[in-house]
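Here is the structure we will look at.
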Amino acid sequence: MSTYLALTFGTLLSSQGTDASFAATSVAPPGASFLLRRAYQISFTPIYRSFTLPIRSAAPLAATQELYGHPAATSKSGLGHSGSSPREGRFVNMTERLSEQLAEAVEALVQVCREFPVAVEVFPSAVVEPHRVVVLLPGGGLNARASFATAGDRSLAEFLAAAGYLPIGVTPREDAADAADAREAADWGLAAHRTDVERVLTAVDEYLGLPYDLLGHSAGAALALDLAAQSGCAAGRVLVLDTTGPYDPETEPDWSARAAALCDEFQRRLAAGELLLDPGLKAAFAAFSATGGSPEVRERLTLALTRTSELPGPVNWIYHRGHSAGGESLDLDVWARAMAELGSGVQPLAMLRDLAALWAGREEVYRIDWSAIRADVVWVNGGLGRGDHDLGARLIRAGGARVDYRVAPGFGHGDMVWASQAQDAVWPLLLDQPIQ
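Okay, so the sequence shown: first residue is 0 according to numbering that gives the first Met the number 0, each after it adds one.
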């Protein structure tokens, strides 16, 4: 969702009137070394009839129970399964079709990923034997569970698992950051995020031996394309949900100029010592849940999510309308559950700077070699989200890769992963060709 949203929802949710203040907020470093707020979560989450045993804390376990509606059992291997007693050496009693060999390989993968500065979650189907991996990369300020495993009906992770994928979510390091002590975040640009995911991809290849694809939403989609442009990337496909490459300076000069100005603004803020930005979504939806979803708070959140482009804020102009089309597409209870899954909810200014540089074509700040991408690319944007800006897709195609670029009309930015209509109107577009 709100990958580049530089807003504060605090005033929006205050009891003083309905006028919303959307001043950008960030956290300046106090000068001490960076500390992690908590240990990272690595979990194995079987879809449909079982769930997570989180290593980090009990809180995600409760959220997972609420999401999937099943009690947990703990195996000695540190992973849950659906049943009355643990079975040592197995992740989960999912299905006879999940081979012992694959289960052991996934367990080995999970263990090695515990050493990485990211959180890794596996979301296998309980009924379909996977024959391909899809690595899921969430938008800025979000994590894999919030983006891909939270839904009112069927989540995107479930959809992909049913198609024969083994979904593996990678949550960026800032999800576990302590915003009050964040000196190291100065280096958390796209290159650092790419390096983190490359370590996971190396482990996936070593331990699972299955072909893999990349899927990203918003900032995660830009990261997926950046990964695919690297020499030696073995991804077969890159599945892109609602992002843009550079705006076309010839046909979209105003968009390109605004992106360049935004890049400069983030550069100045970084130079001034601002390292992390809190868009306020986690707090806003916590307030929503605390009020029992009161009509007043519901109205204000709906305004912010459906009319984002009309509101003040340095980044809101990137949306053609907003995060959601509203109406049946907007289920605030689903959004609240997704936000409750977040860790810090913050976004590194260095990453936002690099994203703005991509949109502006400021290659001296950050560059993706679009022509170097060799994977097939399926790119689906939301008509009311990031809209129709196809220069990135054209640059990839000019390099010789196959690109299927489409715009889903009537979908906002967050609708691409959370609207129930997406499972019929958007997600099948990612898999038009059978998985080989």
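Glycine included, each C-beta is placed from N, C-alpha and C at the ideal position.
Check, Outcome
"Provide the residue span of the beta strand (DSSP E) that contains P166, from first to last.", "Y164 to T170"
"With 16 other CB atoms within 10 Å as the buried threshold, where does D212 fall?", "buried"
"Label D387 either buried or exposed according to how many other C-beta atoms from any shown protein chain fall within 10 Å of its C-beta, with 16 as the threshold for buried.", "exposed"
"With a CB to CB cut of under 7 Å and the five nearest residues on each side skipped, what residues in its chain are close to V402?", "V376, W378, A392, I395 and R396"
"Which runs of the beta strand (DSSP E) spanning at least 3 residues fall entirely within the region 124 to 196, listed in chain order?", "131 to 136 and 164 to 170"
"If you compare alpha carbons, which of R257, V345, L390 and D277 is closest to A175?", "V345"
"Below 8 Å on the Cβ atoms is my contact criterion, and I expect Q420 with S328 to pass it. Report the Cβ-Cβ distance as a whole number of Å.", "6 Å"
"From V239 to A227, what does the alpha carbon distance come to, in whole angstroms?", "12 Å"
"Starting from W369, follow its DSSP beta bridges and name the residues at the other end.", "DSSP lists no partner for W369."
"Quick one: is the Cβ of V333 within less than 8 Å of any heavy atom of the ligand PLP?", "Ligands are entirely absent from the displayed structure, and the ligand PLP is therefore not among its contents."
"Does DSSP classify P116 as helix, strand or coil?", "coil"
"Over the uninterrupted beta strand (DSSP E) stretch that includes W378, give me the two end residues.", "D375 to G381"
"Quick check on the burial criterion: 16 or more other C-beta atoms within 10 angstroms. Buried or exposed for S230?", "exposed"
"Between the beta-carbon of T170 and the beta-carbon of R336, is there less than 9 Å?", "no"
"DSSP on A233, reduced to helix/strand/coil?", "coil"
"Flag this pair as yes or no: are the beta carbons of D414 and G381 separated by less than 9 Å?", "yes"
"By alpha-carbon positions, which one of T305, S343 and L222 ends up nearest to G409?", "T305"
"Just to confirm before moving on: does the CB-CB distance between G168 and V127 stay below 9 Å?", "no"
"If you follow the alpha helix (DSSP H) that L429 is part of, which residue opens it and which one closes it?", "W426 to L429"
"Less than 8 Å between C-beta atoms, sequence neighbours within five positions excluded: which residues of the same chain meet that for E362?", "A356"
"Just tell me which of G291, N315, A218 and R268 has its CA closest to the CA of G139.", "A218"
"Spatial neighbours of A324 within its chain, please: C-beta separation below 8 Å, excluding the five flanking residues on both sides.", "T305, L383, G409, F410, G411, D414 and A418"
"Got a sec, what are the start and stop residues for the beta strand (DSSP E) L214 sits in?", "Y211 to H216"
"Is the CB-CB distance between G151 and V364 below 9 Å?", "no"
"Would the beta-carbon of D353 fall within 9 Å of that of G188?", "yes"
"Quick one: Cα of L428 to Cα of S288, how far?", "34 Å"
"Based on Cα-Cα distance, which residue from A156, M350 and W426 lies nearest to D225?", "M350"
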